[in-house]
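Visitor: If you scroll down you'll find the structure; I have some questions about it.
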Amino acid sequence: MKPIVFILFFTIIISCNKRPTSNSTDNNITFSETKTDSDSSNLIKKEKQILKFHNATLKALENAPIDSLIVINSKRFTDSMSDLIKNNPNTFNYSFELLQKENAINLISSADDNLRVYSWNNHLGGTMRFFNQIFQFKSNEQITVDIHLAEKDPQAFFSKIYEVKNSKKETFYLVISNSILSSKYSVQHINAYKIDTGKLNKIQVFKTKTNTLDQISVEYDFFSVVDRPERPVEVITLENNTLKIALVDDKQNVTSKNLIYEWDGEYFVYKGVR
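With our numbering applied, the sequence shown corresponds to residues 185 to 458, in that order.
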């Protein structure tokens with residue numbers, strides 16, 4: 185979509201929408217994990233409505249890549265998805281099977297079931313994809329929702345959550361996400377988090393030679409790994425407390441070597457290249 189056309193359409197839709205929707209990256213909503221009148225059948229009904237907005241967006245994309253209906257239905261999808269998760273604690277245990285089956289959303293949960301991350305392509309980009317994100321997490325029987333909508337930052341879609349525990353038995357969540365910058369270039373990220381009361385805090389656990397970081401990213405040429413079978417391509421992996429970060433060359437081609445970090449119970453400590 186051409187940037188000028190997109191800005192025009194987006195401005196029109198926002199100005200016509202009477203119900204404000206927060207696009208803040210600090211949009212925490214907390215509520216108790218108790219039963220509400222949004223039972224499973226009601227959630228299924230709402231999910232089917234959201235799926236209609238997804239299908240309408242795809243249909244508009246087929247008809248005209250700069251059709252204003254893309255903007256309208258994309259916003260309806262995002263508003264409906266955000267409102268449903270914000271206002272219904274039962275969504276924390278809901279599968280969203282219909283939306284996942286149609287690839288309308290990516291939904292990843294941690295092994296301990298305390299953290300969920302949702303992401304979806306809002307279809308408002310071109311070869312650079314824009315992804316909306318929702319974090320949903322549980323602490324002391326309270327569920328908190330944190331919404332991040334893509335605007336100037338295209339963000340990323342989530343694909344995996346790893347877990348490690350430190351010496352205090354605190355759980356750290358290592359969330360893998362993927363940015364699509366163009367048909368050629370992608371970025372894979374690993375971000376470390378810890379759940380505190382009502383908050384999902386970034387944690388600095390990656391210890392390099394000179395710094396301690398809360399995230400590591402690898403920008404790479406997708407065509408250098410296009411023949412690999414897994415999707416998304418895994419250039420960052422964790423196995424048996426060994427974190428492998430793919431090493432890329434000066435042309436951003438993924439090589440056969442990795443930067444190695446070992447978990448020592450407190451940090452992932454850089455050990456070298458293998």
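By construction, the Cβ of each residue, glycine as well, lies at the ideal position given by its N, Cα and C atoms.
(1) By the three-class DSSP mapping on this structure, what secondary structure does V419 have?
(2) Quick check: what's the CA-CA separation for I400 versus H373?
(3) In the DSSP assignment, what residue or residues form a beta bridge with R300?
(4) Let me know if F452 comes out buried or exposed under the rule of 16 or more other beta-carbons within 10 Å of its beta-carbon.
(5) How would you write the range of the alpha helix (DSSP H) that I254 sits in, first residue to last?
(6) Which word fits Q233, buried or exposed, when buried means at least 16 other C-beta atoms lie within 10 angstroms of its C-beta?
(7) Determine the extent of the alpha helix (DSSP H) in which I234 is found, giving its start and end residues.
(8) Where do the N-terminal and C-terminal ends of the beta strand (DSSP E) with K428 fall, by residue?
(9) Of the choices L397, V255, Y278, whose alpha-carbon is the least far from that of S224?
(10) Rounded to whole angstroms, what is the Cα-Cα separation between T426 and N442?
(11) With distances taken from CA atoms, which of L245, K368, A240 is nearest T311?
(12) So S361 and F342 are supposed to be a Cβ contact under 8 Å. How far apart are they, rounded?
(13) Kindly list the residues whose CB is nearer than 6 Å to the CB of S266, restricted to its own chain and excluding five residues on each side of it in sequence; keep chain order.
(14) For S222, I'd like the list of residues in its chain whose CB is within less than 7 Å of its CB, leaving aside the five on either flank, ordered along the chain.
(15) What's the gap between the Cα of K294 and the Cα of Q436?
(16) For T396, does the three-state DSSP call read helix, strand or coil?
(17) In the DSSP output, what is E414 paired with across the bridge?
(18) What distance in whole Å lies between the Cβ atoms of S258 and L291, which are believed to be in contact at a cut-off of 8 Å?
(19) Let me know if Q284 comes out buried or exposed under the rule of 16 or more other beta-carbons within 10 Å of its beta-carbon.
(20) Starting from Q284, follow the beta strand (DSSP E) in both directions and report where the run begins and ends.
(21) Could you spell out the range, first to last residue, of the beta strand (DSSP E) harbouring E354?
(22) Since I believe S363 is in contact with P338 (beta carbons under 8 Å), could you give me their beta-carbon distance rounded to a whole number of angstroms?
(23) Please return the same chain residues whose Cβ sits closer than 8 Å to the Cβ of P413, not counting the five positions on each side in sequence.
(24) Under 7 Å Cβ to Cβ from K349, same chain only, skipping five residues before and after it: list those, please.
(25) Helix or strand or just coil, what does DSSP make of T275?
Guide: The structure says:
(1) coil
(2) 6 Å
(3) S293, Q320
(4) buried
(5) 252 to 271
(6) exposed
(7) 224 to 247
(8) 426 to 432
(9) Y278
(10) 11 Å
(11) K368
(12) 5 Å
(13) I331
(14) With a pLDDT of 43 at S222, under the threshold of 50, the modelled position of that residue is not reliable, and no figure is offered here.
(15) Residue 294 is actually Ser in this sequence, not Lys. Near 31 Å, if we compare the C-alpha coordinates of Q436 and S294.
(16) strand
(17) Beta-bridge pairing links E414 to no other residue.
(18) Actually they are not in contact, since the Cβ atoms of L291 and S258 sit about 18 Å apart, beyond 8 Å.
(19) exposed
(20) Looking at the DSSP string, Q284 is not in any beta strand (DSSP E); the run it does join, the alpha helix (DSSP H), is 281 to 285.
(21) Note, E354: premise wrong, no beta strand (DSSP E); not H, not E.
(22) 6 Å
(23) none
(24) T355
(25) helix
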